[in-house]
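Those letters in the sequence shown? Residues -17 to -1, 1 to 77, by mature numbering (1 follows the signal peptide of the UniProt record, and there is no 0).
Quick reminder that beta carbons are idealized off the backbone N, C-alpha and C, glycines included.
Remember, it's a predicted structure, so these values are computed and weren't measured experimentally.
Report on the following structure.
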Amino acid sequence: MELFTFIIFRLLMEVQSYKSPTVKVSPDVIRESSSVKISCETPADVTVNQCYFYINREAKNIKVSSSCELDLSGAEVLGWAAVKSPENTTFSPS
């Protein structure tokens, strides 16, 4: 039982030590006429082959990027998020 507890503890410590990626969106305010850059930055010690972007915590309408960057128009982003200005939306990495 003690060995099992130790293994579980080590697994939890390993999972908790991973750093989350950071999503950056520029500009801060998106208009239909804006040029929008969305990027996912990972810790330096993490190798990533591609990134999956989705909006409003819904894993649908996923956009995939091997460079972990998306360059979109404001109209594309607003359409992707299914919102009309001036609503707020949240970008998430996966």
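Comparing the CB of Asp11 with every heavy atom of the ligand ZN, is any distance shorter than 7 Å? Ligands are entirely absent from the displayed structure, and the ligand ZN is therefore not among its contents.
Counting pairs of beta carbons, one from the segment 7 to 20 and one from the segment 32 to 49, are three or more of them closer than 8 Å? Touching, no, given that fewer than three Cβ pairs across the two stretches are closer than 8 Å.
How many Å lie between Val6 and Leu53 at the Cα? Those two C-alpha atoms are separated by around 11 Å.
To the nearest angstrom, report how far apart Val31 and Lys2 are at their CA atoms. Whole-angstrom Cα-Cα distance: 13 Å.
Note down, in chain order, each residue of its chain lying with its Cβ closer than 6 Å to the Cβ of Val60, except the 5 sequence neighbours on either side. Ile13, Val19, listed in sequence order.
Among the candidates Val66, Trp63, Cys51, whose CA atom is the shortest distance from the CA of Pro4? Ranking the options by Cα distance to Pro4, first place goes to Cys51.
Where do the N-terminal and C-terminal ends of the alpha helix (DSSP H) with Glu59 fall, by residue? Looking at the DSSP string, the run of the alpha helix (DSSP H) that includes Glu59 is 57 to 64.
Ser22: buried (16+ other C-beta within 10 angstroms of its C-beta) or exposed? Counting C-beta atoms within 10 angstroms of its own C-beta, Ser22 has 16 or more neighbours from the protein chains shown and is therefore classed as buried.
Per DSSP, the bridge partner or partners of Thr5: DSSP output for Thr5 lists Glu24 as bridge partner(s).
Rounded to whole angstroms, what's the CA-CA distance from Ser56 to Lys46? Just pull it up for me. Just so you know, the alpha carbons of Ser56 and Lys46 end up roughly 14 Å apart.
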